[in-house]
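J.: Before I ask anything, here is the structure I am working with.
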Amino acid sequence: MFQRVGIAVAALVAIAVVFLVVRAVIDRVTGRDTSDRPPPWRDINVLHWAAQIVALALIVLLADWLWTNFRDRTDAIGLVLNFDFLSQPSGVSIADNALSPNAPIRDAIAQGVKNTFLIILLGIPLSVILGTIIGISRLSTNWLLRKLATVYVEFFRNIPVLLVIVFAWGAVFLRFPSSAGQTAERAWRPLNGWFIFSNGRFAFPSIVGLDKFSTYRVIIVVAIIVAIAVLIWRTSVFNNTGHPHHRVRYAFSSFLAISIISFFALGAPFEMSKPDVVERIWVGGFRMQMPYVAIMLALAIYTASHVSEIVRGSILSVHKGQVEAAQALALSGFQRYRYVVLPQAFRVAFPPLINQFLNYSKNTSLAVAIGFAEATSIVFNLFGQSQPAPQLLLILMLVYLAFSLLLSLFGNFVNGRLQIVGR
Amino acid sequence: MVTELGGLETVLLEEDKPPVVYLSPSDWMRQNLFNNWYNALITFLVGASFVAAVVLTLRWLLAADFQIVRTNLRVFMIGQFPRDELWRPWVSGFLLAGAGGLVSGAMWRNALEDAEEKGLPYPPHSWTDLLRRFWAIIVILLFFVSFARTLPPYIGLLLIFVTIYITREAGMRSKPALRIRVPFIGALLLLVSFIALAGTSGLGASSIGAALGWWTSFEIGRRTETPTLQHTVTRWISAVVVGVVAWIAVRAIGFEGFGWDDWGGIHLTLFVTVVGVSIGLPFGILLALGRQSKLRIIKSATVVFIEFVRGVPLITLLLFSTFLLPLFIPIDITIPGPLTRAMIVITAFSAAYIAEIVRGGLQAVPLGQTEAAQASGMSVGAIQRLIVLPQALRAVIPAMVGQFISLFKDTSLLSVIGLLEFLQVSAVANAQTEFLGQGLVSVTYPFVALGYWAFAYTMSKESRRIEAKLGVGVR
């Protein structure tokens, strides 16, 4: 170590000497007048360069020191530093997943990343909706609603998110009847059994296609295209003539009309599938892992308290004159919010919202505490099987960095479209 | 800013204030609950679910068996701290209470005299006001103590309140000469309380040395009118001498401790938070300055560090501290314990977040300030230290408190790597044979939640108060 520092200092001194000599030679050769040049220890350019080089040397020394230690330690315990282990069987089995424990580690991690993505996909919209409702409630004229929304926000903002998650899992969702073994049939089935709650799974009705379902799917796609066309058409009518467009109403009803008429024309191409537990086996319906529901809801409830503060702040940031002008135009309370306040507030709210989305995506890693098989849990599990930690942790960190990067790219893109052009 | 320009302050006279309208209860309800049909509907629906929630909570509260909390109260507070050494947390608690009371009292008096000098109104001191500000923590502390099965905790808590009262009164009555030294006295009390807990570890001795050295430098600096080179040299040399002597003296006393590997409970949570923020702060400021630097290598190195740490979840960093950090320690050095490693990582984590906060403050300082300082011939270091940083840091105090709260909440993640912090105690208690498998998490989690909530809520209210006082964001 001391030897390396010595070499570095010697190298720095050598660089300094070479620099001064070369500069003197160049000055001599070009015959430049150097009388007004400050001495090197007061020359800002020289000082900047010197600082840069010293900083670089320090960073290199530090990295070298850490790398040496790392190699010594890994050699001592015989850790292999390559990525071949990714093809070994993972030994990880994930509930409700076809992935076998014999599948390579690579596939197990990919499945974990997919599950992380699923938590983000459903949870972020949920937290935004919940947060917006609560944020508006905090500004309501209704005293009770306002106070309760404040209590909600002050409570959830001031407790750790991990506590919300373990509470949701340990004290709420785990209390549902067990789905394992004999008791599976005893799970809670509200609404005449169309929904099933157990502590392992949550099931709700789904759609099952019958013989003409493929035709119907094509028709639905066509209906969506028609609806978009209607939307564009009504917008252009509004732009050209100024008549009320009612575009959402028109588009939605045309979609509904096509899908309902064709449903009967094709003679009911699909039916609802009712979930059920027969002989301990779950059949029909759409099933979700209960830990998934727990982590997703807990994160959404927690994040909503932060989102609601952003929403409230952004609504308050809309100039009072805007609301008064809307009142003067006799817009109703809903119209005032929908057409005047919220569009302007959203523009203010979006950048901090991206921050909350980033926090949300990072907080999904807390699923490790309740054992839902997302990326961190899988990697944690693999640590337990003494797979090499350095590589696994590197992969895990890169996964989260990629999520962060993608989310902020998406956010910046939307933000760019939202902001007023010009000025 | 407005408060500093005394002339611009608008003082509302009594007769200028809008009249206060007193409504009869029925009028109030008509205006605030039933002013139109949908508000009436909302009132009924929300009110009904609120009543249902209250009834459910009460039923839980009456039915819940708090035996698990009673048995484990000490573990919740201080973890596995050895039973014979319980005087340590108490002594450190009293020292902390004394330091807090003294510093806050002196600060109040300073603010009062500052306001009087400028001819501004300053609200008179009132203990009820303090009760209103800190009611959450006081109520929760009383609630926690109510689970104690012996007398000492009650007496201890009472004595701590008395200590705060006495030292705050003393701080408020102290003379100016004492008041300017109060930060040093407070810091020393804090460090002594740390030593009472952990013994004269290297960390405690070095920080006492540093604090005493700094104090010496401050005392000499106060006594010199125009610092000459000779003065500066004397100042530095005597500071270093005092620091080293203090360090040697404290080590020589050789007060035994346990280190902190057995610490736990809410005590560990608070300790990790305080250490994370207070050690993270100087590093965070350095990182922020580095990020603002014109020197490309320094800038890119700090950017990479900050963005990397902020881009990954804290859990992955804690996993790093458990599995990878030992691999980076020289092979001939014993690997430090899990808590030490976790604190290294948490400090780095909080430094990266503080750096971004400080950067916001640095950007808020107008460029004209730097240019004016440059024009008056100040050095680069002096400009940052005397002109830019004081303004930048003042503007970010509320955000810094916010970071403190968020780190306080984030320390709960230490449970994932198996450290016995406040939340983990709940899991440990539920694994004891007498409480196993009875679903008592529904008792312990709310208990833990109240503890977290009281501290975080009080701090966030304080941060809003500071924000209003500083006038940050008000133009």
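Which chain is which? The protein sequence lines are A and B, in order. Each residue of the first sequence is one higher than the last, beginning at 1 in my numbering. Each residue of the second sequence is one higher than the last, beginning at 1001 in my numbering. Positions of the beta carbon are idealized from the N, C-alpha and C atoms, including for glycine. These numbers were taken from a predicted model, which means no experiment stands behind them.
Answer with buried or exposed for Phe334 (chain A), where buried requires no fewer than 16 other C-beta atoms within 10 angstroms of its C-beta.
T.: For the purposes of this step, residue 334 (chain A) is taken as residue 334 along the first sequence, with counting starting at 1. Exposed, because fewer than 16 other Cβ atoms sit within 10 Å of the Cβ of Phe334 (chain A).
J.: Does Leu1423 (chain B) have its Cβ less than 8 Å from a Cβ in chain A?
T.: Start at 1 with the first residue of the second sequence, and residue 1423 (chain B) comes out as number 423. Taking Cβ atoms only, chain A reaches closer than 8 Å to Leu1423 (chain B), which makes this a yes.
J.: Taking only three categories from DSSP, how would you classify Trp1087 (chain B)?
T.: Position 87 of the second sequence holds residue 1087 (chain B). Helix at Trp1087 (chain B).
J.: Can you pull the chain B neighbours of Ile124 (chain A), defined as C-beta to C-beta under 8 Å?
T.: Translated into positions along the first sequence, residue 124 (chain A) becomes position 124. Near Ile124 (chain A) there are no residues of chain B at all, since even the closest Cβ is about 16 Å away, more than 8 Å.
J.: Measuring alpha carbon to alpha carbon, tell me which residue in A:Ile220, A:Ala95, A:Gly78, A:Ser100 is nearest Gln88 (chain A).
T.: Residue numbering aside, residue 88 (chain A) sits at position 88 when the first sequence is read from its first letter. Measuring from the Cα of Gln88 (chain A), the nearest candidate turns out to be A:Ser100.
J.: Terminal residues of the continuous beta strand (DSSP E) containing Arg201 (chain A)?
T.: What you label residue 201 (chain A) is simply residue 201 of the first sequence in a count that begins at 1. Note, Arg201 (chain A): beta strand (DSSP E), 201–204.
J.: Just to make sure I have the definition right: I need the residues of chain A whose C-beta is within less than 7 Å of the C-beta of Gly1311 (chain B). Which are they?
T.: In the second sequence, residue 1311 (chain B) corresponds to position 311, counting from 1. By Cβ distance, chain A contributes Tyr400, Leu401, Ser404.
J.: Please tell me whether Leu86 (chain A) and Pro104 (chain A) are closer than 8 Å, where the distance is taken between their beta carbons.
T.: As a first step, residue 86 (chain A) is located in the first sequence; it is residue number 86 there, counting from the start. As a first step, residue 104 (chain A) is located in the first sequence; it is residue number 104 there, counting from the start. Result yes, Cβ atoms of Leu86 (chain A) and Pro104 (chain A) sit closer than 8 Å.
J.: Could you check where the beta strand (DSSP E) with Glu271 (chain A) kicks off and where it finishes?
T.: Within the first sequence, residue 271 (chain A) is the residue found at index 271, counting from 1. From DSSP, the beta strand (DSSP E) with Glu271 (chain A) extends over 270–273.
J.: Smallest Cα separation from Leu1159 (chain B): which of B:Pro1123, B:Gly1098, B:Ala1348, B:Ser1104?
T.: Sequence index remark: in the second sequence, residue 1159 (chain B) carries index 159 (1-based). With distances taken between Cα atoms, Leu1159 (chain B) lies closest to B:Gly1098.
J.: Since Trp233 (chain A) is in the alpha helix (DSSP H), which residue starts that stretch and which ends it?
T.: As a working mapping, residue 233 (chain A) is identified with position 233 in the first sequence. Note, Trp233 (chain A): alpha helix (DSSP H), 213–241.
J.: Check the Cβ-Cβ distances between Phe197 (chain A) and every residue of chain B, and say whether any is below 8 Å.
T.: The sequence position of residue 197 (chain A) within the first sequence is 197, counting from 1. Chain B, which has no Cβ nearer than 8 Å to the Cβ of Phe197 (chain A), makes this no.
J.: Can you give the Cα-Cα distance for Leu393 (chain A) and Leu1319 (chain B), rounded to whole angstroms?
T.: In the first sequence, the residue the question calls residue 393 (chain A) occupies position 393. In the second sequence, the residue the question calls residue 1319 (chain B) occupies position 319. Rounded to whole angstroms, Leu393 (chain A) to Leu1319 (chain B) spans 8 Å at the Cα level.
J.: Decide if Arg423 (chain A) is buried, meaning its Cβ has at least 16 other Cβ atoms within 10 Å, or exposed.
T.: The residue given as residue 423 (chain A) occupies position 423 in the first sequence. With a pLDDT of 46 at Arg423 (chain A), under the threshold of 50, the modelled position of that residue is not reliable, and no figure is offered here.
J.: Quick one: which residues of the region 127–143 of chain A get their C-beta closer than 8 Å to a C-beta of chain B? List them in chain order.
T.: So the list reads Ser140, Thr141, Asn142, Trp143, given in the order they occur along the chain.
J.: Looking only at DSSP bridge pairs, what is Val9 (chain A) linked to?
T.: As a position in the first sequence, residue 9 (chain A) is number 9, starting the count at 1. Val9 (chain A) is not bridged to any residue.
J.: Output the boundary residues of the alpha helix (DSSP H) element that contains Trp1453 (chain B).
T.: Within the second sequence, residue 1453 (chain B) is the residue found at index 453, counting from 1. Element bounds for Trp1453 (chain B): 1441–1470.
J.: Mind checking who Ile207 (chain A) pairs with in its DSSP beta bridge?
T.: Counted from its first residue, the first sequence places residue 207 (chain A) at position 207. DSSP, once it has assigned bridges, lists A:Met272 as partnering Ile207 (chain A).
J.: For chain B, find out if any of its Cβ atoms is closer than 8 Å to the Cβ of Pro390 (chain A); answer yes or no.
T.: Reading the first sequence from its first residue, position 390 is the one you call residue 390 (chain A). It does; some Cβ of chain B falls within 8 Å.
J.: Strictly under 8 Å for the Cβ-Cβ distance: is Glu154 (chain A) near chain B by that measure?
T.: Here residue 154 (chain A) is taken as the residue at index 154 of the first sequence, counted from 1. Yes, contact with chain B.
J.: What's the gap between the Cα of Leu121 (chain A) and the Cα of Val60 (chain A)?
T.: Working through the first sequence from its first residue, we reach residue 121 (chain A) at position 121. Working through the first sequence from its first residue, we reach residue 60 (chain A) at position 60. If I take the Cα positions, the gap works out to 41 Å.
J.: State yes or no: is the C-beta of Leu1470 (chain B) within less than 8 Å of the C-beta of Ile1397 (chain B)?
T.: Stepping through the second sequence from its first residue, residue 1470 (chain B) is reached at position 470. Stepping through the second sequence from its first residue, residue 1397 (chain B) is reached at position 397. Yes, the pair counts as a contact, with Cβ atoms nearer than the cut-off.
J.: Alpha carbon to alpha carbon, what distance is there between Leu1440 (chain B) and Phe173 (chain A)?
T.: Residue numbering aside, residue 173 (chain A) sits at position 173 when the first sequence is read from its first letter. Residue numbering aside, residue 1440 (chain B) sits at position 440 when the second sequence is read from its first letter. Spanning the two alpha carbons is a distance of roughly 14 Å.
J.: Can you find a CB in chain A that lies within less than 8 Å of the CB of Tyr1445 (chain B)?
T.: Within the second sequence, numbered from 1, the residue matching residue 1445 (chain B) stands at position 445. Chain A contact via Cβ: present.
J.: Label Asn102 (chain A) either buried or exposed according to how many other C-beta atoms from any shown protein chain fall within 10 Å of its C-beta, with 16 as the threshold for buried.
T.: Taking the first residue of the first sequence as position 1, residue 102 (chain A) is located at position 102. When all chains shown are included, Asn102 (chain A) counts as exposed.
J.: With DSSP as the reference, label Glu1421 (chain B) as helix, strand or coil.
T.: Numbered from its first residue, the second sequence carries residue 1421 (chain B) at position 421. The answer is strand: DSSP assigns Glu1421 (chain B) an E or B state.
J.: Given this structure, state the Cα-to-Cα distance separating Arg1235 (chain B) from Ser305 (chain A), to the nearest angstrom.
T.: Start at 1 with the first residue of the second sequence, and residue 1235 (chain B) comes out as number 235. Start at 1 with the first residue of the first sequence, and residue 305 (chain A) comes out as number 305. In a straight line, the C-alpha of Arg1235 (chain B) is about 52 Å away from that of Ser305 (chain A).
J.: Pick helix, strand or coil for Val318 (chain A), following the three-state DSSP scheme.
T.: Numbered from 1 along the first sequence, position 318 holds the residue referred to as residue 318 (chain A). Val318 (chain A) falls in the coil class under three-state DSSP.
J.: Any beta carbon of chain A sitting closer than 8 Å to that of Thr1200 (chain B)?
T.: Here residue 1200 (chain B) refers to the residue found at position 200 when the second sequence is read from its first residue. False, the Cβ-Cβ gap to chain A never drops below 8 Å.
J.: Please report how far the alpha carbon of Leu418 (chain A) lies from the alpha carbon of Arg347 (chain A), in whole angstroms.
T.: For the purposes of this step, residue 418 (chain A) is taken as the residue at position 418 of the first sequence. For the purposes of this step, residue 347 (chain A) is taken as the residue at position 347 of the first sequence. Rounded to whole angstroms, Leu418 (chain A) to Arg347 (chain A) spans 6 Å at the Cα level.
J.: Could you tell me whether any Cβ in chain A is nearer than 8 Å to the Cβ of Leu1319 (chain B)?
T.: Here residue 1319 (chain B) corresponds to residue number 319 of the second sequence, with the count starting at 1. Yes, contact with chain A.
J.: Would you grab the beta carbon distance between Leu144 (chain A) and Thr1043 (chain B) for me? Rounded to a whole angstrom, and I think it's under 8 Å.
T.: Reading the first sequence from its first residue, position 144 is the one you call residue 144 (chain A). Reading the second sequence from its first residue, position 43 is the one you call residue 1043 (chain B). With 8 Å as the limit, Leu144 (chain A) and Thr1043 (chain B) qualify as a contact, their Cβ atoms being about 5 Å apart.
J.: Under the rule that 16 or more other beta-carbon atoms within 10 Å means buried, what is Arg974 (chain B), buried or exposed?
T.: No answer is possible for residue 974 (chain B): it lies beyond the span of chain B, which begins at 1001 and ends at 1475.
J.: Quick check on Ile1160 (chain B): does DSSP put it in helix, strand or coil?
T.: Locating residue 1160 (chain B) in the second sequence gives position 160, where the first residue counts as 1. Helix.
J.: Check the Cβ of His48 (chain A) against every Cβ in chain B and list those closer than 8 Å, keeping chain order.
T.: As a first step, residue 48 (chain A) is located in the first sequence; it is residue number 48 there, counting from the start. Chain B residues near His48 (chain A): Lys1294, Leu1295.
J.: With Val283 (chain A) as the anchor, note down where its alpha helix (DSSP H) starts and where it stops.
T.: Position 283 of the first sequence, counted from the first residue, corresponds to residue 283 (chain A). Taken as a continuous stretch (DSSP letters only), Val283 (chain A) belongs to no alpha helix (DSSP H), being part of the beta strand (DSSP E) at 281–283.
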